[in-house]
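Residue numbers (full-length UniProt numbering): 1 to 254. Backbone N, C-alpha and C fix where the C-beta goes; we use that ideal spot for every residue, glycine too. Here's the structure, in structure tokens; my notes come after.
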DNA sequence: ATGGCCTTGGTACAAGGA
């Protein structure tokens with residue numbers, strides 16, 4: 001079973017690239033972030049044509065998430081239960097025997113800002129909800145654009161990024177608290193080459209220079225960990241014309 | 001060469017992203 005996540009930075013713009021990627025990679029599940037489409041504009045017919053069922057949760061201009069799967073997802077949840085939020089950031093469903101939670105974590109803008117405070121509250125709420133989901137569904141994957149680089153080795157220039165958004169102690173503490181629920185960063189279950197990232201700024205020729213961050217993650221539960229065969233970041237779509245600034249992350253399960 | 005982008009809404013440029 002192959003499960004993937006990709007922040008597409010506008011599905012309206014990126015749909016052809018997503019369809020190409022699905023055809024080439026054939027994941028069983030793909031979680032999308034930053035679809036930026038209202039629900040009436042979601043491209044479920046195109047995905048159906050490509051062999052995928054869709055669940056989606058969008059809004060105008062910003063955010064927006066979706067869960068694509070070869071077999072229908074059940075027990076769909078949208079956003080964090082009990083956490084009032086105008087923003088569409090979470091979609092969850094059960095595919096086969098795996099509970100899949102796809103999330104677009106808040107950016108946070110800069111430490112000390114209102115958006116950073118929202119990120120902290122959102123992370124608190126997410127953790128408590130994921131705790132309850134884990135109790136109900138031991139075989140669980142939490143994946144998406146976390147907007148957190150967990151460690152210095154996930155950062156191209158740790159000195160320049162020290163204390164900056166995505167790299168603050170507060171954000172990294174939150175990441176570790178999520179891991180503390182009984183989750184594992186699938187990427188780090190394996191020996192990986194150094195300097196592998198999932199996001200590169202559009203500016204400054206950052207991709208060509210590999211000046212990136214690893215902020216897109218797949219966390220797997222204790223019960224799922226023994227089934228993890230591989231995890232990798234697919235840089236190929238970042239080389240497309242008009243690419244998303246993020247690359248897909250893929251985990252393979254037995 | 002130390003700065004270099006992209007998307008949306010809406011039709012000029014501001015806001016947000018990371």
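Inter-residue Cα distance where the pair is residue i and residue j
| i | j | result |
| --- | --- | --- |
| residue 164 | residue 151 | 13 Å |
| residue 174 | residue 31 | 22 Å |
| residue 133 | residue 29 | 19 Å |
| residue 245 | residue 168 | 21 Å |
| residue 87 | residue 140 | 23 Å |
| residue 78 | residue 191 | 34 Å |
| residue 37 | residue 45 | 14 Å |
| residue 47 | residue 215 | 26 Å |
| residue 242 | residue 9 | 11 Å |
| residue 170 | residue 179 | 14 Å |
| residue 201 | residue 211 | 8 Å |
| residue 111 | residue 122 | 15 Å |
| residue 59 | residue 114 | 21 Å |
| residue 217 | residue 18 | 18 Å |
| residue 166 | residue 118 | 14 Å |
| residue 160 | residue 33 | 27 Å |
| residue 49 | residue 35 | 19 Å |
| residue 75 | residue 93 | 5 Å |
| residue 237 | residue 120 | 31 Å |
| residue 155 | residue 24 | 29 Å |
| residue 177 | residue 185 | 12 Å |
Paired residues, beta bridge with residue i - DSSP
| i | result |
| --- | --- |
| residue 221 | 183 |
| residue 78 | 91 |
| residue 7 | 33 |
| residue 255 | The question about residue 255 has no answer, for the chain in this structure spans 1 to 254. |
| residue 2 | 252 |
| residue 67 | 31 and 55 |
| residue 230 | 252 |
| residue 155 | 213 |
| residue 174 | Note: residue 174 sits in no beta bridge, so no partner. |
| residue 246 | 199 |
Test item: CB-CB of residue i and residue j under 9 Å
| i | j | result |
| --- | --- | --- |
| residue 247 | residue 198 | yes |
| residue 103 | residue 90 | yes |
| residue 213 | residue 1 | no |
| residue 130 | residue 183 | yes |
| residue 239 | residue 207 | yes |
| residue 22 | residue 51 | yes |
| residue 189 | residue 98 | no |
| residue 95 | residue 54 | no |
| residue 43 | residue 15 | yes |
| residue 57 | residue 125 | no |
| residue 5 | residue 249 | yes |
| residue 3 | residue 100 | yes |
| residue 138 | residue 222 | yes |
| residue 181 | residue 127 | yes |
| residue 142 | residue 205 | no |
Whole runs of the alpha helix (DSSP H) within the stretch 99 to 146, excluding any shorter than 4 residues: Listed in chain order, the complete alpha helix (DSSP H) runs (minimum 4 residues) inside the stretch 99 to 146 are 114 to 136.
Start-end ranges of the alpha helix (DSSP H) lying completely within the stretch 38 to 65, minimum 4 residues: Taking only runs of at least 4 residues, the alpha helix (DSSP H) segments lying wholly in the stretch 38 to 65 are 44 to 49.
Inter-stretch contact at 8 Å, needing at least 3 Cβ pairs: the stretch 99 to 113 / the stretch 130 to 147: yes
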